[in-house]
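Chains as they are written, first to last, in the numbering used here: chain G, 1 to 587; chain Z, 1001 to 1587.
Using N, Cα and C, we set each Cβ at its ideal position, and we do this for glycine too.
Treat the numbers as computed from the prediction; the structure is a model and nothing was measured.
2 protein chains.
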Amino acid sequence: MKLDPTKMKDWEIAAECEKHMKTVYQLADELGLTKEELLPYGHYVAKLDYKLILERLKDRPNGKYIDVTAITPTPLGEGKSTTSIGLIEGLGKRGKKVIGALRQPSGGPTMNIKGSAAGGGLAQIIPLDKFSLGLTGDINAVMNAHNLALVALTARMQHEANYDDEILAKKNLRRLNIDPKRVELGWVIDFCAQALRHIVIGLGGKMDGYPMESKFWIAVASEVMAILAVSRDLKDFRERIGRIVVAFDKYGNPITTEDLEVAGAMCAWMVDAINPNMIQTLEGQPVLIHAGPFANIAIGQSSIIADYVGLKLADYHVTESGFAADIGFEKFWNLKCRFSGLVPNCVVIVATIRALKCHGGAPIPRPGQPMPKEYLEEHVDWVEKGCANLLHHIETVKKSGSNPVVCINAFYTDTKAEIDAVRRICEEAGARVAVSEHWLKGGEGALELADAVVDACEEPVNFRFLYDLDMPLKDRIERIAKEVYGADGVTYSPEAEKKIQIIDADPELRKLGTCMVKTHLSLSHDPNLKGVPKGWVLPVRDILIYRGAGFVVPVAGTISLMPGTASDPAYRRIDVDVETGKVTGLF
Amino acid sequence: MKLDPTKMKDWEIAAECEKHMKTVYQLADELGLTKEELLPYGHYVAKLDYKLILERLKDRPNGKYIDVTAITPTPLGEGKSTTSIGLIEGLGKRGKKVIGALRQPSGGPTMNIKGSAAGGGLAQIIPLDKFSLGLTGDINAVMNAHNLALVALTARMQHEANYDDEILAKKNLRRLNIDPKRVELGWVIDFCAQALRHIVIGLGGKMDGYPMESKFWIAVASEVMAILAVSRDLKDFRERIGRIVVAFDKYGNPITTEDLEVAGAMCAWMVDAINPNMIQTLEGQPVLIHAGPFANIAIGQSSIIADYVGLKLADYHVTESGFAADIGFEKFWNLKCRFSGLVPNCVVIVATIRALKCHGGAPIPRPGQPMPKEYLEEHVDWVEKGCANLLHHIETVKKSGSNPVVCINAFYTDTKAEIDAVRRICEEAGARVAVSEHWLKGGEGALELADAVVDACEEPVNFRFLYDLDMPLKDRIERIAKEVYGADGVTYSPEAEKKIQIIDADPELRKLGTCMVKTHLSLSHDPNLKGVPKGWVLPVRDILIYRGAGFVVPVAGTISLMPGTASDPAYRRIDVDVETGKVTGLF
């Protein structure tokens, strides 16, 4: 059957390819895995025992490490996941031994309006239903581990309120004096449940908890998920879990999961989740799916463990950084690579003619609204002007010492003159450029991109961090704002100033990484400013502290950790074919 | 290594046996499964594709169907799960082709004080950590499916409050006018989170939900779990999910998951969960684990699908009914067998000398308190007197037309004279009796029980229900109360009377099954009345209606759908060995 993405829906293409996809046993054979290393979850999904694999292959040199990032996108997105998958397919088509690592989608967007981010057209990962609906249960494990901490916290508060010191001592419990006004964590659920954003709990009698305000977050915003993404192994994971600050006591001291004696049990729920999951592209290359931290407050990347495994199993390992290069790549560079000790050989920057036009002055396209006509016509001048944004991101990648490759993610409205303009401008700036038609043609359409990446990976890398961990926090933030965002400086709210004092005064907190929060729709903090905004300062409103994950989060702008379900969400159209058991209506 | 339960903890025995347990591939070979029918989840846990198996073996006669129930227990429990597992091991030791089906434990009790119900001594199921910590994720799937209904409900209430009819019509939504005072469902989480029993949600602005009272239940109390237990196949499951009543509108009409357009998506989260899980006993017999409905309000039995599969795969299929025979067996008999169309060949009634003494007048033993000395001494008189309770349950089993086998679950303090007394009394009443030492000796200790069961299974069965579905609800309740509990009659609260009128007037509700709620610690509704209480009436306080699960629940007593976490819960002692990945401290 001819697969034509211009005529078929994504899930129809996925369903067609799923009819003859490889079993995980075939994939494991091709990767040379032992029987013990492959943990099948049904026939088409597996977990890989990271520990056995890394032990067996510890002397094998790593493959080439490729990160895919993007220019500042329009609100429609510019196909970063699709390009990552297309690149994997392209490298596969060239006969390279290739693997990838991507994030697991949250049930929130999958059931709401965004969909499951499995790529699109002929660049997708399958099985789509397993990928979209929880895979092997890692997010559920995060949810259980996280909520167990809240159970321990609220039960402890109730028991301390009901029992005197003598009774507590008999139960071998010391009084923690938790401040109900300073509970840091919300509960989690992996849907967009705005009704649980602001709640009051513990109503009823004295055996029904401690009455106080509380909140729910989407599960992928849990610090447990952030920890899953950045941990190097189970030991590291266990230690980080124990450092999570759940609340503060009435004297301002942090109460951790270890204080609540729940860190070990939280970890018990996560033992299987630490192993990466494996599925495949439409063309049968293996793809690891592992961790899906909420990009708004966490690292927004798939796990370090998946990268360790991928780099041992293949000659080319492709991963992706959430959002644009100023957000996603900056965190990949200064946080993920610092935690992992890995160095990328090549960084792909995905651009579209659409986004370049937008940066050059065309009206901003909006989801659910008709595409402005400017995007259906040739406008070389806007494209050229918009390249300023792309050039800025190329410079950012170069500052890391990595080799940039620009991928023009082709669309049928692109004209030759527009593409030629981008190619010329980028090549003048010293970046490789490739046009890729993976959406329309799969791996066959991504050969130019694959070749450019293979070439770039042969070049020497002079990888260096933007800042050292002994640099004071304000200096780090200023350096990121100026060098990566192009700001003139940074201002701080009194709240942020106070937190910076606390952090700088604490030898443990001072050494944590820096994980910036800012819109990805502009280099600045204002999503309406396109191109390369000039003459602005970054306003830092607050600093969040994630001791377990190992970073502090300077927040420029507002963030919600619980998105809302819209009035026409995806779940209205999702169902099950009761004869075949196949899920219909996913996208 | 010699395994001595008098010297080793249960989890130590489990860990020792796990070192050389069979892989799921070996188990599948022994069962004659095809490669497609086995869905491994790692090396030691699998799901079985029920549909493929039932299609392939549709012409094969069913094996013998054995239900394990118990006399009225003490608050310490009398080892019903342990006996079920011991019986499977004993039949295996006799060379019979045997399989079992048990419930999956909830994370609530596992993390709290009850533990995970994996049996004990040399009658356990393994791997213990997988069994105790969510297995393949079915309970998480229930949680997600259930909570998605609440997301749909609360989002809809918010949108109806914020938008006028014209805007709703544009989004193809009709106004449902949900009554915030008549939301039937709570949210679910699979822990004992008493702080979430009574909550207020939807605080904040108009985009933050609809402000109202709400509640959380333990996940296994979800109607989705009840439906998983009673569904015959995916089609049946899908239809039942769509009939769940989430709330009522302002005119008193039910609002179902179909009305909220969320039933299909709920089912999508459950597609994998409908396949039973397979693990094994310490001695390598396969055991299916499937569904774990909260016995307090639901059927309290493992799934019908698991029984269908087990009966095709083996010559002897052992399952278990939650609580004592008046509760568990009565539901097995009149609900589960009615829904499934299956007929048991033999019913095992587990008794202990301890419980018989208690029914005969010895002080009630309590968890966490020293065992009263009466239980450490010979007291044949109390044992004989206590046999009245056992005889009552034997009669109940006989009323169903099934063949009873009494299993005396032996303990080292039992004396020969005590055991002889029970044997004599039961045999006089026409029941087979076997003494079993499975806890101490595994299958070798359960040979007498296995032989008695094999013999009983050869006898003819004259299975008949206690009531027909065309019998009015009050008559059914009265019949159960009199015939099974030994009550003189039934009284109804005004609330219950009102519900009965509604049910009797509705042709759909009238045909639903009857699922009684009452303490299991007495034949009566008063847990302190031991033996066979006389001269009492059953007070029915309320009737719950579960349209999806397909039964109404007359409630005699109080029930909480959200247990509380105690001050010394199990999670304090649970941790992970970061070198081996093994979970420690489970019980």
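Here Gln369(G) carries a coil assignment [DSSP, helix/strand/coil]. The closest CA to that of Leu521(G), considering only Glu78(G), Ala265(G), Glu16(G), Gly63(G), is found on Glu78(G).
By the C-beta density criterion, Asp420(G) is exposed, having fewer than 16 other C-beta atoms within 10 angstroms. Per DSSP, the continuous alpha helix (DSSP H) segment holding Thr83(G) begins and ends at 80–93. The segment 1236–1247 of chain Z makes no contact with the segment 541–551 of chain G, as fewer than three CB pairs between them are under 8 Å. At a beta-carbon threshold of 7 Å, the residues of chain Z lying near Pro40(G) are Pro1040, ordered along the chain.
Here Thr491(G) is exposed. Its C-beta has fewer than 16 other C-beta atoms within 10 Å. When the beta-carbon positions are compared, Tyr1375(Z) and Lys1357(Z) come within less than 8 Å of each other. Closest in alpha carbon position to Arg1464(Z), among Gly1341(Z), Ile1139(Z), Phe1248(Z), is Gly1341(Z). Our two residues, Ile1201(Z) and His1159(Z), have alpha carbons roughly 15 Å apart in a direct line. Only buried fits Asn275(G), as 16 or more other CB atoms lie within 10 angstroms of its CB.
Distance from the CA atom of Glu1283(Z) to the CA atom of Val1045(Z), rounded to whole angstroms, is 16 Å.
Between Leu234(G) and Val1578(Z), the CB-CB gap stays under 8 Å.
One alpha carbon belongs to Lys19(G), the other to Ile574(G), and they sit about 20 Å apart. Any Cβ of chain G closer than 8 Å to the Cβ of Thr1154(Z) would place that residue at the interface, and such an atom is present. Cys192(G) has a beta carbon lying within less than 8 Å of a beta carbon in chain Z. The straight-line gap separating the alpha-carbon atoms of Ile1500(Z) and Leu1469(Z) is approximately 15 Å. Interface residue (Cβ-Cβ distance to chain G less than 8 Å): Gln1369(Z) is not classified as such. CA-to-CA, the gap between Leu311(G) and Val24(G) works out to about 19 Å.
Annotation: Asn177(G) has no Cβ neighbours in chain Z at a cutoff of 8 Å; minimum Cβ distance is about 16 Å. Going by beta carbons, Ala325(G) and Arg103(G) fall outside the 8 Å limit. Check the Cα spacing between Lys1385(Z) and each of Val1287(Z), Gly1531(Z), Gly1581(Z), Gly1186(Z): the tightest is with Gly1531(Z). The residues Leu228, Ala229, Pro276, His290, Ala291, in chain order, have a CB closer than 7 Å to that of Ser303(G) in the same chain once the five nearest residues on each side in sequence are set aside. Contact annotation: Arg197(G) and Gly1204(Z) have beta-carbon atoms nearer than 8 Å. Of the residues Ile1125(Z), Lys1093(Z), Ala1145(Z), the one whose Cα lies closest to the Cα of Tyr571(G) is Ala1145(Z).
In terms of Cα proximity to Arg1424(Z), the closest of Arg1182(Z), Ser1524(Z), Val1271(Z), Leu1390(Z) is Leu1390(Z).
By the Cβ test, the segment 422–441 of chain G is in contact with the segment 114–123 of chain G, since at least three Cβ pairs between them sit closer than 8 Å. The three-state secondary structure of Asp138(G), taken from DSSP, is helix. Sequence-distant Cβ neighbours of Ala1450(Z) in its own chain, meaning closer than 6 Å and more than five residues away, are Gly1090, Leu1091, Arg1094. Phe216(G) places its beta carbon 8 Å or farther from that of Met111(G). Beta-bridge partners of Met1278(Z) (DSSP): Ala1046(Z), Leu1288(Z).
With the criterion set as a beta carbon lying under 9 Å from some beta carbon of chain Z, the segment 450–461 of chain G has no members that meet it. Proximity of Trp1269(Z) to chain G, defined by a Cβ-Cβ separation below 8 Å, is satisfied.
Taking 8 Å as the CB threshold, Thr256(G) stays off the interface with chain Z. Rounded to the nearest whole angstrom, the C-alpha separation of Lys373(G) and Glu444(G) is 30 Å. In the three-state reduction of the DSSP assignment, Gln158(G) falls in the helix class, which pools H, G and I.
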